[in-house]
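Heads up: the sequence shown at position 570 corresponds to 570 in full-length UniProt numbering, and the numbers run straight through without jumps. For each residue, glycine too, the CB sits at the ideal point set by N, CA and C.
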Amino acid sequence: MAAIEVITSREKEVRVRRNGSEQIIVVRVWNETVANLTLMALGSSAPEILLSVIEIAGKDFQAGDLGPGTIVGSAAYNLFVIIAICVAVIPDGEVRKIKHLRVFLVTATWSVFAYVWLYLILAVISPSEVEVWEGAVTFLFFPATVMTAYIADRRLLVYKYLKKGYRVNERGVIVEAEGDGSVEMALKPGDEFATDDEEGRELEKSRREYISVLRELRRQHPQEDLETVERMALETLMSRGPKSRAFYRVAATRKMTGGGDFSRKISERAQSDLSEVKAEIQRRESESLSPEPKGPTVRFDPNHYTVMENCGSFEVRVIRRGDLSGEVTVEYSTEDGTAEAGSDYVATRGRLAFAHGEAEKKFSVEVIDDDVFEEDEHFYLRLSSPQGAALASPSTATVVILDDDHSGVFAFPQRDFELTESVGTFELRVVRTAGARGQVKVPYWTEDGTAKAGAQYEEVQGFVVFENNETEKFIPLRIIEEDSYEKDVLFYVNLGEPELVDDGAGRGGRGARGGRGSAEHLVALPDQEAAVAIRGLPRAGDLTRAQLRVKESKEFKSTVDKLVQRANASIIIGTSSWKEQFAEALTASSGSDEPETPPSWSDYVLHVITLFWKIIFAFVPPTDIGGGYLCFVVSIVCIGLVTAVIGDVAAHFGCTLGIKDSVTAIVFVALGTSIPDTFASKVAAIQDRTADASVGNVTGSNAVNVFLGIGVAWTLAAAVHRARGEPFHVDPGK
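Written out as structure tokens, the structure is:
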């Protein structure tokens with residue numbers, strides 16, 4: 001069953017369109033319905049099917065009672081006992097619905113028809129005889145069952161001719177849908193999943209569940225870091241997630257033989273997956289960065305300078321990185337921007353020579369001061385013609401000259417800002433341009449948009465105070481993290497009118513009696529000087545309202561995407577080496593759901609009883625070899641050998657007690673082969689959110705057992721008897 005689970009849980013990447021953009025998601029290669037009716041059914045019913053074939057071959061292709069009796073008895077047990085147990089163990093107040101109802105109806109029909117067909121060929125069409133075509137048709141009903149179930153699952157063929165209804169999708173567009181012709185409104189976002197394809201819906205559902213679990217765990221464990229909570233969420237998702245029939249069958253068998261459950265494996269796998277995802281995200285981020293040139297490099301550090309007009313001169317720093325053993329030279333020069341050489345600064349050109357072991361050099365640039373009021377101006381510095389090294393970014397620096405005759409213009413550097421919810425505290429920059437004279441305070445306050453104060457961010461208001469010659473300040477904004485997979489909300493920050501506190505000469509500003517910025521002082525000045533003084537007062541710029549758009553964390557989104565794709569508990573039941581298999585075979589584990597609980601005495605007893613068989617089957621190739629196919633083939637051969645022994649033992653047991661093989665098969669053998677399915681269905685009924693893994697598979701398994709087990713055996717026997725020129729007799733019973 002582990003090999004079957006590894007085979008059917010194979011995945012591939014597909015591209016889907018979601019919200020207008022293409023996205024890569026991981027989907028199963030095997031269709032769930034096809035897997036359940038083929039490999040899953042073959043694996044869970046292998047003893048019954050093989051017993052029927054082995055018995056008829058061992059009796060020189062004469063009809064026997066043990067094989068068919070086991071199949072019929074197992075079907076009756078599955079239908080009555082297992083379903084009754086599954087209904088009884090469902091916790092109070094909970095319900096389990098069949099998710100794939102169309103498939104269930106199809107397989108239920110086939111399971112009933114299978115026994116009707118047996119009656120027809122044994123009692124009506126050719127009484128007490130099975131012809132070759134009857135055996136062949138019985139076997140061919142198996143692929144017919146699989147095909148019709150697949151058609152029902154994928155809504156193919158006849159479904160496209162059904163009466164079309166209409167629904168309004170999430171974009172308000174009326175689209176066709178199966179129904180009674182009425183127009184159905186799509187549910188609100190958050191109530192249902194509106195992705196157009198099945199893969200997208202399942203992925204979106206898993207994402208929302210993961211995020212919901214993550215939020216709940218963060219509330220329950222506020223002291224834990226995010227990585228620990230993410231691991232706990234992944235463990236929960238893997239434990240809760242839908243599991244196949246094979247998974248529950250393996251889990252039930254492990255508990256019955258003292259092998260323990262998968263709690264420890266799930267925990268270890270979750271930690272491993274989380275570490276791999278974090279490493280992959282970091283690797284991709286590092287690859288996205290611009291690669292640095294190999295060998296020694298030279299560049300500006302920093303690449304932006306803001307200087308006052310009256311500073312005289314300032315120094316520019318150039319650094320060398322990498323190998324410092326040789327000598328390196330590089331040329332530098334100035335280049336006009338809005339500032340012009342000769343009137344605003346002195347043009348400079350030269351060469352820097354780095355000696356052996358020297359890591360940085362500096363050169364000076366002179367700024368020209370004047371008494372004319374000017375807006376901020378800038379010019380450039382460039383590096384060129386390196387020898388012994390390569391130019392690295394930045395090789396160009398920008399110099400901004402601030403006028404020293406003005407208190408400045410205060411604004412945001414841009415109107416729109418985009419940040420992630422995981423930023424914590426965002427520092428919103430306020431810049432002072434066109435002068436930096438005096439101490440100025442600027443009021444600010446936040447304003448709700450689609451983001452609400454207290455929910456997505458913390459409301460703030462206050463003042464930013466610029467000291468004399470200070471050109472930038474930051475407003476701290478606290479962003480509240482909600483662990484949203486998708487988020488797009490915005491709020492605003494406003495700046496008020498700036499107020500001059502001190503003009504830089506020790507005199508009070510606006511509001512200070514006789515101060516430079518006061519009305520009394522301006523009235524006392526001549527008209528020309530008053531005009532210059534007014535122009536020198538601080539004022540608000542054009543960008544005094546910033547819009548901050550809060551988006552989801554890219555790292556969190558990537559982590560969710562990858563962990564949801566990895567939240568497949570089925571992969572933990574496989575093995576990678578013989579060493580691992582023998583270690584598990586020789587180790588008694590606890591059957592408790594708690595990974596730290598030691599084995600009980602009953603676990604040790606079961607382990608000792610089954611130790612011989614554990615060691616024998618530990619020689620089967622691990623599931624990681626050949627994608628599970630080699631393990632599957634060898635396992636079927638081993639099960640066949642064990643089944644042959646069980647068949648002989650059962651026959652001798654019935655002979656000793658003086659009962660018929662048919663009674664032995666129905667009462668004892670069928671019970672033994674169905675015990676693991678009973679425990680598997682019981683666990684599935686309790687843990688799974690749907691009834692497919694517990695009840696839904698009973699009907700399909702019953703149909704497959706008849707068509708495959710009896711169909712193959714009777715087809716071979718009928719063909720052999722046809723070759724011998726004699727009929728193949730089968731006693732229909734009374």
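Its Cα nearest to that of residue 704, the residue 147 stands out among 100, 552 and 147. Taking every protein chain shown into account, the CB of residue 55 has 16 or more other CB atoms within 10 angstroms, so this residue is buried. Annotated three-state conformation of residue 90 is coil, per DSSP. Pairwise C-beta distances place the segment 375-384 in contact with the segment 397-408, as three or more of them are shorter than 8 Å.
A check of alpha carbon separations from residue 302 across 348, 678, 679 and 392 identifies 392 as the nearest. The DSSP-derived three-state label of residue 4 is helix. Contact holds between the segment 66-75 and the segment 42-50, because three or more Cβ pairs, one in each stretch, are under 8 Å apart. For the pair residue 495 and residue 544, the CB atoms are nearer than the 7 Å cut-off.
Taken in chain order, the whole alpha helix (DSSP H) runs of length 4 or more contained in the segment 52-80 are 66-76.
The alpha-carbon separation between residue 462 and residue 445 amounts to approximately 7 Å. Taking the CA atoms as reference points, residue 341 sits about 8 Å from residue 335. The segment 683-703 and the segment 100-119 touch, with three or more beta-carbon pairs separated by less than 8 Å. The beta carbon of residue 111 sits closer than 6 Å to those of 699, 702 and 703, all from its chain and outside the five residues before and after it, given in chain order. Judged by DSSP in its simplified three-state form, residue 687 adopts helix. Bridge pairing for residue 446: 493 [DSSP]. Under a 10 Å Cβ-count criterion, residue 123 is classified as exposed, with fewer than 16 other Cβ atoms of the shown protein chains found around its own Cβ.
A contact between stretches requires three or more CB pairs, one per stretch, nearer than 8 Å, and the segment 651-659 fails this requirement with the segment 676-688. DSSP places residue 382 outside any alpha helix (DSSP H); the residue lies instead in the beta strand (DSSP E), whose first and last residues are 377-387. Under DSSP, no beta-bridge partner is assigned to residue 40. Between the segment 55-69 and the segment 705-721, the count of C-beta pairs closer than 8 Å reaches three or more; the two stretches touch. Per DSSP, residue 297 is one residue of the beta strand (DSSP E) stretching across 297-300. In this chain, the alpha helix (DSSP H) harbouring residue 648 covers 629-657. With a beta-carbon spacing of about 6 Å, residue 456 and residue 550 fall inside the 8 Å limit used to define contacts. In chain order, 331, 332, 333 and 334 place their CB closer than 8 Å to the CB of residue 349, counting only its own chain and leaving out the 5 sequence neighbours on each side. Inter-segment contact for the segment 415-427 and the segment 318-326 is absent: fewer than three beta-carbon pairs are separated by less than 8 Å. Fewer than three beta-carbon pairs drawn from the segment 114-132 and the segment 82-91 are found closer than 8 Å, and the two stretches are therefore not classed as touching. Less than 7 Å divides the Cβ of residue 541 from the Cβ of residue 411. Taken through DSSP and simplified to helix, strand or coil, residue 480 comes out as coil. Annotation: residue 663 is outside any beta strand (DSSP E); the continuous alpha helix (DSSP H) that includes it extends over 661-664.
With a beta-carbon spacing of about 6 Å, residue 31 and residue 150 fall inside the 8 Å limit used to define contacts. Looking at the backbone, the Cα of residue 615 and that of residue 585 are separated by about 6 Å. With respect to residue 474, residue 427 sits close: the two C-beta atoms are nearer than 7 Å. Of the candidates 59, 403, 33 and 721, the residue whose Cα lies closest to the Cα of residue 651 is 59. Short of 7 Å from the beta carbon of residue 620, and not among the five residues preceding or following it, lie these beta carbons of its own chain, in chain order: 631, 634, 635 and 638. Sequence-distant partners of residue 142 (beyond 5 residues in either direction) whose C-beta falls short of 7 Å from its own C-beta, in its chain, are 704, 707, 708 and 711.
Looking at 316, 617 and 109, the one whose alpha-carbon comes closest to that of residue 579 is 617.
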